[in-house]
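Peer 1: Input: one structure, supplied below.
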Amino acid sequence: MSVTTGNDAPLAFYGEHEFLQGSTLINGFEVCGFSARGPHKETDNEDSGLAMPYGPDGLVLAVADGAGGLPAGRKASNTLLQAFAETLPEALADDTPMRVAIISAIEEGNRRIQA
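By our numbering, the letter at position 58 of the sequence shown is numbered 152, and the numbering carries on one by one without gaps.
Shown next, in the form of structure tokens:
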């Protein structure tokens, strides 16, 4: 699957396809991503990736490894990055510093995974 988004639009890969690639322009940076199942692996691609703007100058890049065939690895990696995609815009609206927002997104993703 190939994805190209417009200026400052997030680029998200959720481990649902064997092969993923895409690109976007975020705050003046061209961001490209690629994910594929290993050629000798029998399990599905479980990895996820996200690139999204954080304010007029910030860029957040996140990758979640699906843990290579462990139970619910794909769900865990997807859940973590969905937490990023949902919580970072809220944090930005509240003028939360990027570092704090990222740590909070990790904690929220972990909470969702453990639920």
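Even glycine gets a Cβ: it sits at the ideal position worked out from N, Cα and C.
Is A158 near L175, with beta carbons less than 8 Å apart?
Peer 2: In this structure, A158 lies near L175, with their beta-carbon atoms less than 8 Å apart.
Peer 1: If we ignore side chains and look at the alpha-carbon of each, how far apart do E201 and R131 end up?
Peer 2: Each residue's CA atom was taken as its position, placing E201 and R131 some 27 Å apart.
Peer 1: DSSP has L153 in a bridge; who is on the other side?
Peer 2: According to the DSSP secondary-structure assignment, L153 is paired through a beta bridge with P147.
Peer 1: Please name the residue, chosen from G203, D102, Q208 and R205, that lies closest to G152 on a Cα-to-Cα basis.
Peer 2: Looking at the Cα atoms, D102 is the closest of the given residues.
Peer 1: I'd like to know whether the C-beta atoms of G160 and E140 end up nearer to each other than 8 Å.
Peer 2: Their beta carbons are under 8 Å apart, which means G160 touches E140 by this criterion.
Peer 1: Considering only their Cβ atoms, is the gap separating A179 from L155 smaller than 8 Å?
Peer 2: Result no, Cβ atoms of L155 and A179 do not sit closer than 8 Å.
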